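Protein chains in written order, with the numbering used here: chain S, 1 to 275; chain D, 276 to 610. The beta carbon of each residue, even a glycine, is placed where N, CA and C say it ideally should be. Values in this document were obtained by computation on a predicted structure and should not be read as measured data.
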C-alpha cells in the first residue's frame, strides 16, 4: 500500500517560542524540529507498510527549513519525501495549507508516488493519508478533516489504535465522553494520537539512507495552485495583536512548616476560591 | 433556498448545543451567553429535545431552536454535522456559528468554514464584534505564554469557544423559543466522504465530579502522587472540583487516560488549578497555563511549576492536601 504522511516543521517546544510583529509564528530562531506528534504518524505508516508491504512518502509545506521535517521522516524509514516550497505560501492559514497538501497528495496519487517511486515496488495511487493529532505550534487539529473534505475521502481521526485489513481501515478513538470504533474503506484520511505507538529513533542505517534520498521540491505552479488562494492573500483571519502573557504578580512560595495546608485554605478563602 | 428574512432581528448567530441526559451542557449555556453579544441567537440541537431543555435555551437567550434528527450513528460524525450546519447557515443567513471547542467540534467547524467560505478560529477564549461587524477573537498560544487577538476577515465566522471562557448568565426577560424541526435525511445524503461506519460507540460513565474540561476547579495529580490519587480526589471533592492527571500518572496506569491534562490531553482553563506532585513540564503547561489561579504543592523546590504558580507550597502533598481539605470543609461549614 502507498501511504502519505503529512508532517510539519515547528519551533522546538523547549525553546522560547514567540510571534513576529505581524503575528506569525517566529521561525527565525533556527531551532525548529519535526512536530513530535507527527512522529507518531510516521511510525504508524512504517508499521503498516512493514506488515502489509508498500511505501511511505512524507510531505511537508513550508520554507526552506521545513525540509528538516521530511528529512527526519526519511531517517525514520520513509522511502520518499516531498517538500512544497513557494514564497507565496508564507502567511497561509490552515485552509491554505490544506489546499496545498491536498494538491500534493492528488499529484502523488496520480503519479503513483514521488519520483523514484516506480522502482520502489508500491503500485498505484495513495491508499492512506496519515497525520498527527495536532501540530505542536498551532494545535488546531483540523488539518486531516480539511484534507478529507478536499480529497472527498472518509476521515477517521484521533486514532489511539489503527489497523488495516482487506482494504478497510479500523480506528479506535477516545473522545471526551465516548469511545468509538470507526471503519472506512481505503483510500481514507486518518490521524493518530500519541497513544497510538512509540515512535522509533532513526538508526545509523536510516540516517545514511536518508542522506542519499532526494527530497522532491514542488512549487505552487507544479501543483496548479493559484498563489492568490493561499498565503496572506488567501487567509480568512488575521492577527491584530500578539502579546506575551504578563508575568503573574504577587506570587507566594512557602515551605511547609506543618501548617501549609491551613495557609493554602486561607489563601483560597481570601481569593473567593472555596467553590 | 436562502430564507434569511424569515428570522427578523438582524445578524443570526447559530449555536451548536450539546446535551447530556437531555439537559444542555454547561458549555452550551456559555456559548449562548457569548452569542447574545453578537446577534440574534438560534440554538441547534441534534437528536431529541425536551420542553425543559427548550425553555432553558430560551432562558439563556435563544430565540429559535433548530432540531435536527440523528437517523444513524454516522449522522453525528463531524462531516455530517458540518453539512447540517452548512444547510442551516444557508437557510438562516447566519453570519456566525459558535461551537464548544472539542476535537470533534473543531473538525466540524473546519469543514463548515471550508464549505461556507467562513473564517475559522478554534480554542478561542473570547469572541466579540469588532468595528465593521467582523468577529474579533482572543486565543492563547504556545502553552498560554502568548495571547493573540485576531479578526475574521471573511464575511462569515465559525468560532470554537473554550469552556469557561464566558460566564453563563440568563437573560432578564426570556422567551420560549419556537422549535423548528429539520429533515436530516436530505442533508446526510449529500455528505462528501461519508463512507465511515461507526462499528462501536460506548459512552464512558461520567463521574459524579464536574466535567474536567468545564470545571471551575481542577486538582491534578502528577508523578509525586506515586500511585495514590486519594488525597487529590479528596481535595477536589472538598472544593467541588474535577480530578486531572499528568501524562506520567496516566501512563503509569494510576488513573484513566481521559483525565490527562496537557497539550495532547484535555486543555483546561479553570478559575483554580491545584497541581499536586506535578513538575510543570512544557507538555502539561500547554494544557493548563491559562488557568486563572495556579497553586502547586511539590516536595521538590526546584520543580518548574513554582516558576509560574501563584501560590506554591514546598512540602509533602500527603500531609498538605489532607490538611487543606479539612480546613476548606471547616471554612465552608462556617459559611
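Between the C-alpha atoms of residue i and residue j, what's the straight-line distance to the nearest angstrom?
i: residue 539/D; j: residue 558/D; result: 8 Å
i: residue 44/S; j: residue 565/D; result: 32 Å
i: residue 224/S; j: residue 100/S; result: 10 Å
i: residue 455/D; j: residue 411/D; result: 30 Å
i: residue 533/D; j: residue 198/S; result: 19 Å
i: residue 264/S; j: residue 481/D; result: 29 Å
i: residue 23/S; j: residue 226/S; result: 24 Å
i: residue 297/D; j: residue 328/D; result: 7 Å
i: residue 76/S; j: residue 205/S; result: 10 Å
i: residue 283/D; j: residue 314/D; result: In this prediction, residue 283/D has a pLDDT of 45, which is less than 50 and means its spatial position is unreliable; what the coordinates show is noted afterwards. In a straight line, the C-alpha of residue 283/D is about 11 Å away from that of residue 314/D.
i: residue 233/S; j: residue 158/S; result: 31 Å
i: residue 35/S; j: residue 20/S; result: 20 Å
i: residue 334/D; j: residue 72/S; result: 54 Å
i: residue 523/D; j: residue 430/D; result: 44 Å
i: residue 121/S; j: residue 47/S; result: Annotation note: pLDDT 44 at residue 121/S (below 50); position unreliable, coordinate value reported separately. Taking the straight line joining both Cα atoms gives about 17 Å.
i: residue 503/D; j: residue 302/D; result: 31 Å
i: residue 546/D; j: residue 42/S; result: 38 Å
i: residue 397/D; j: residue 259/S; result: 43 Å
i: residue 241/S; j: residue 567/D; result: 21 Å
i: residue 531/D; j: residue 98/S; result: 34 Å
i: residue 235/S; j: residue 85/S; result: 17 Å
i: residue 308/D; j: residue 161/S; result: 38 Å
i: residue 186/S; j: residue 180/S; result: 19 Å
i: residue 112/S; j: residue 124/S; result: 5 Å
i: residue 578/D; j: residue 554/D; result: 5 Å
i: residue 70/S; j: residue 12/S; result: 16 Å
i: residue 364/D; j: residue 172/S; result: 32 Å
Just to confirm, does residue i get its C-beta within under 7 Å of one of the non-hydrogen atoms of the ligand GTP?
i: residue 317/D; result: Here there are no bound small molecules, and the ligand GTP is not part of this structure.
Just confirm the distance between the C-beta atoms of residue i and residue j, as a whole number of angstroms; I'd bet it's less than 8 Å.
i: residue 600/D; j: residue 487/D; result: Between residue 487/D and residue 600/D the Cβ distance is about 19 Å, and since that is not below 8 Å, they are no contact.
i: residue 344/S; j: residue 57/S; result: In the structure as shown, chain S starts at 1 and stops at 275, and residue 344/S therefore has no counterpart that could be examined.
i: residue 194/S; j: residue 40/S; result: 6 Å
i: residue 256/S; j: residue 588/D; result: 6 Å
i: residue 604/D; j: residue 513/D; result: 5 Å
i: residue 473/D; j: residue 182/S; result: 6 Å
i: residue 552/D; j: residue 496/D; result: 6 Å
i: residue 602/D; j: residue 262/S; result: 5 Å
i: residue 176/S; j: residue 377/D; result: 6 Å
i: residue 196/S; j: residue 153/S; result: About 19 Å; that fails the 8 Å criterion.
i: residue 238/S; j: residue 428/D; result: 6 Å
i: residue 94/S; j: residue 146/S; result: 7 Å
Measuring CA to CA, which of the options is closest to residue i?
i: residue 434/D; options: 573/D, 583/D and 375/D; result: 375/D
i: residue 312/D; options: 491/D, 289/D, 514/D and 297/D; result: 289/D
i: residue 169/S; options: 128/S, 206/S, 266/S and 69/S; result: 128/S
i: residue 323/D; options: 349/D, 293/D and 304/D; result: 293/D
i: residue 543/D; options: 519/D, 554/D, 504/D and 448/D; result: 519/D
i: residue 286/D; options: 351/D, 379/D and 368/D; result: 368/D
i: residue 527/D; options: 338/D, 549/D and 501/D; result: 501/D
i: residue 394/D; options: 523/D, 373/D and 536/D; result: 373/D
i: residue 471/D; options: 201/S, 200/S, 196/S and 190/S; result: 190/S
i: residue 7/S; options: 32/S, 26/S, 175/S and 214/S; result: 32/S
i: residue 319/D; options: 585/D, 362/D, 537/D and 443/D; result: 362/D
i: residue 339/D; options: 584/D, 317/D, 417/D and 582/D; result: 317/D
i: residue 149/S; options: 262/S, 105/S and 62/S; result: 105/S
i: residue 418/D; options: 94/S, 271/S and 17/S; result: 17/S
i: residue 350/D; options: 476/D, 610/D and 494/D; result: 476/D
i: residue 4/S; options: 26/S, 88/S, 89/S and 132/S; result: 132/S
i: residue 151/S; options: 172/S, 62/S, 237/S and 126/S; result: 126/S
i: residue 586/D; options: 141/S, 11/S and 252/S; result: 252/S
i: residue 336/D; options: 458/D, 548/D, 448/D and 416/D; result: 448/D
i: residue 270/S; options: 484/D, 525/D and 607/D; result: 607/D
i: residue 272/S; options: 582/D, 610/D and 597/D; result: 610/D
Please go through the region 11-80 of chain S and give each complete beta strand (DSSP E) segment of 3 or more residues, from N-terminal end onward.
32-34 and 55-61
To test your reading of the DSSP string, which unbroken beta strand (DSSP E) runs of 3 or more residues are found completely within the region 391-427 of chain D?
394-404, 410-416 and 421-427
If we require 3 or more residues per run, which beta strand (DSSP E) segments fall completely within the region 218-259 of chain S?
237-244 and 252-255
Counting pairs of beta carbons, one from the region 421-438 of chain D and one from the region 386-402 of chain D, are three or more of them closer than 8 Å?
By the Cβ criterion, the region 421-438 of chain D is in contact with the region 386-402 of chain D, since at least three pairs of Cβ atoms, one from each stretch, lie closer than 8 Å.
Is the region 586-594 of chain D close to the region 571-578 of chain D, with three or more CB pairs under 8 Å?
yes
Under 8 Å, with one C-beta from each stretch per pair, do the region 214-222 of chain S and the region 372-389 of chain D reach the 3-pair mark?
In short, these stretches do not touch, since the Cβ pair count stays below three.
Pairing CB atoms from the region 168-184 of chain S with CB atoms from the region 226-245 of chain S, are three or more of them under 8 Å?
no
List in chain order: all unbroken alpha helix (DSSP H) runs of 4+ residues lying wholly within the region 539-601 of chain D.
557-563
Quick one: any contact between the region 406-424 of chain D and the region 443-458 of chain D, if contact means 3 or more CB pairs under 8 Å?
no
Is it a yes or a no for the region 342-358 of chain D touching the region 63-75 of chain S, going by three-plus beta-carbon pairs under 8 Å?
no
Which runs of the beta strand (DSSP E) fall wholly inside the region 336-387 of chain D and span at least 3 residues, in chain order?
339-343 and 371-375
So does the region 377-384 of chain D actually touch the region 417-430 of chain D, counting three or more Cβ pairs closer than 8 Å?
no
My parser needs the alpha helix (DSSP H) runs of 4 or more residues fully inside the region 463-543 of chain D; what are they?
505-513 and 522-526
Which parts of the region 137-221 of chain S are runs of the alpha helix (DSSP H), unbroken and 4 residues or longer, counting only runs that do not cross its ends?
Within the region 137-221 of chain S, the complete alpha helix (DSSP H) runs of at least 4 residues are 143-151 and 204-212.
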